[in-house]
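Presented below is the structure to which this report refers.
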Amino acid sequence: MSSLTDQSRSDDLVQPFRLDPFALRGRLVRLGPTVDRILSQHDYPDPVAAILGEAITLAIVLAGALKYDGIFTLQTKSDGPVRLIVADVSTDGAVRGYAQYDPERLDSVSAHPGTSPSVSELIGSGYIAFTVDQGEHTERYQGIVELIGANLAECAQHYFRQSEQIQAGIKLSAARSGDNGAWRAGGLMLQRVPPEGGYAVIADDVEDAWRRAIVLMSSATAAELVDPELSPHRLLFRLFRDESVRVFRIHPLEARCRCSRERIANILRSFPAEDIAELRKDEVTSVTCEFCNTRYEFTAEELAGLAPA
Ligand SMILES: [Zn+2]
59 MSSLTDQSRS DDLVQPFRLD PFALRGRLVR LGPTVDRILS QHDYPDPVAA
109 ILGEAITLAI VLAGALKYDG IFTLQTKSDG PVRLIVADVS TDGAVRGYAQ
159 YDPERLDSVS AHPGTSPSVS ELIGSGYIAF TVDQGEHTER YQGIVELIGA
209 NLAECAQHYF RQSEQIQAGI KLSAARSGDN GAWRAGGLML QRVPPEGGYA
259 VIADDVEDAW RRAIVLMSSA TAAELVDPEL SPHRLLFRLF RDESVRVFRI
309 HPLEARCRCS RERIANILRS FPAEDIAELR KDEVTSVTCE FCNTRYEFTA
359 EELAGLAPA
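Numbering (my numbering), first residue to last: 59 to 367.
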């Protein structure tokens, strides 16, 4: 059941849902100000911002498939103009991300006016990795798979096909569709997790229901996923009109970086003494957080004070 606060919020959220009677699980992610803030903190060209927006959305839909308490990170590393993408989401809904790209190579793939470069042109070949960090003294779970697919959603689906425990369908979209060209993003994921001991119903019925659900999900257009006028509930009920959709309590999301002066100081503390000595030749050393572009400055004396005990 939805609470009052759930109903008043239509952006920056995960809306979990279920399609009965076969308990197919799904999640709809809607991002408004959160993704606009993250993408606007950087001066990315639109194709880079769009793919980072999709990667952030993908990290959120995937994180929702896991039981964890900590940070879920998605990272791509590849040989295309966009060589690195990092997006992470914490259990309490803090989201952040950044991308690294080569402007000259990006210009050469964006050279055809009126067409936007495909994801494979932007990213090239490489890997996508998923990590769960539950804090110190816990194991890091990591999944890694080759980037195969025309877009990030297909790459993630390839991952699920390989891991074979979960069948999943994913759709992602990010575009400047908000007021004054603000960025918005949306994502849908459906998953089928066979219950322990198997289904108590005819397998063919489950198979049919699953296929139908995937077709219905796929009918969501990129524009619908990011439409600010289309509420999450309306979108779900429009897509799955003839199925029994049950919606659950939403999880709110916000753009929040975890960097702090103390964390940056800790990183500097881990540097070898000769590197710190080198940095101290400058009066002021500045360190910029890649996620949120916050600049932290350390004077030569402050750096001296960071020497390991
Ligand atoms: Zn930061």
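Positions of the beta carbon are idealized from the N, C-alpha and C atoms, including for glycine.
Using DSSP with H/G/I as helix, E/B as strand and the rest coil, what is residue i?
i, result
"P330", "coil"
"P105", "helix"
"I228", "strand"
"G239", "helix"
"L294", "helix"
"S136", "strand"
"H309", "strand"
"Q158", "strand"
"P74", "strand"
"L364", "coil"
"V25", "Residue 25 falls outside the range modelled here, since the chain spans only 59 to 367, and no answer is possible."
"A187", "strand"
"S166", "helix"
"D40", "Outside the displayed span of the chain (59 to 367) sits residue 40, for which this structure offers no information."
"E355", "strand"
"Q99", "coil"
"K249", "Checking the sequence shown, residue 249 turns out to be Gln, not Lys. Q249 falls in the strand class under three-state DSSP."
"G111", "helix"
Cβ-heavy atom distance between residue i and ligand 1 below 6 Å?
i, result
"V352", "Note that residue 352 is Thr in the sequence shown here, rather than Val. Yes, ligand 1 has a heavy atom inside 6 Å of this Cβ."
"F356", "no"
"C213", "no"
"F349", "yes"
Quick one, which of the options has its alpha-carbon nearest residue i's?
i, options, result
"S136", "G363, Y185, P103", "Y185"
"L77", "L110, Y354, T189, D266", "D266"
"E112", "I308, R242, V264", "R242"
"D191", "L246, A145, R292, G128", "G128"
"T279", "R269, A271, L293, R270", "L293"
"R299", "V284, V273, C317", "V273"
"Q158", "G138, S176, T149", "G138"
"F130", "G201, A362, A335", "G201"
"G245", "L283, G236, S235", "L283"
"S68", "R296, Y354, D285, G363", "D285"
"V303", "V264, F295, H309", "F295"
"Q133", "S168, A233, T346, C213", "C213"
"S235", "A211, G90, T346", "G90"
"D160", "P105, R270, A358, D150", "P105"
"S176", "S289, A211, D101", "A211"
If you count every other CB in all the chains shown that lies within 10 Å of the CB of residue i, and 16 or more means buried, which is it?
i, result
"N209", "buried"
"E320", "exposed"
"R250", "buried"
"K368", "Any question about residue 368 goes unanswered here, given that the chain covers just 59 to 367."
"T92", "buried"
"I325", "exposed"
"R219", "exposed"
"E341", "exposed"
"H195", "exposed"
"E197", "exposed"
"G227", "buried"
Tell me which residues share the same chain as residue i and place their Cβ nearer than 6 Å to its Cβ, disregarding the 5 neighbours each side in the sequence.
i, result
"R85", "V72, P74, V119, G122, M247"
Leaving out five residues before and five after residue i in sequence, what residues of the same chain have Cβ atoms less than 8 Å from its Cβ?
i, result
"G155", "I96, L110, A113, I114, A117, I143, V144, A145, D146, F349"
With a threshold of 7 Å between beta-carbons, can residue i be considered close to chain B, or not?
i, result
"S183", "Absent from the structure is chain B; it holds one protein chain and no more."
Apart from the five residues on each side of it in sequence, which residues of its chain come closer than 7 Å, Cβ to Cβ, to residue i?
i, result
"P103", "L164"
"S178", "A208"
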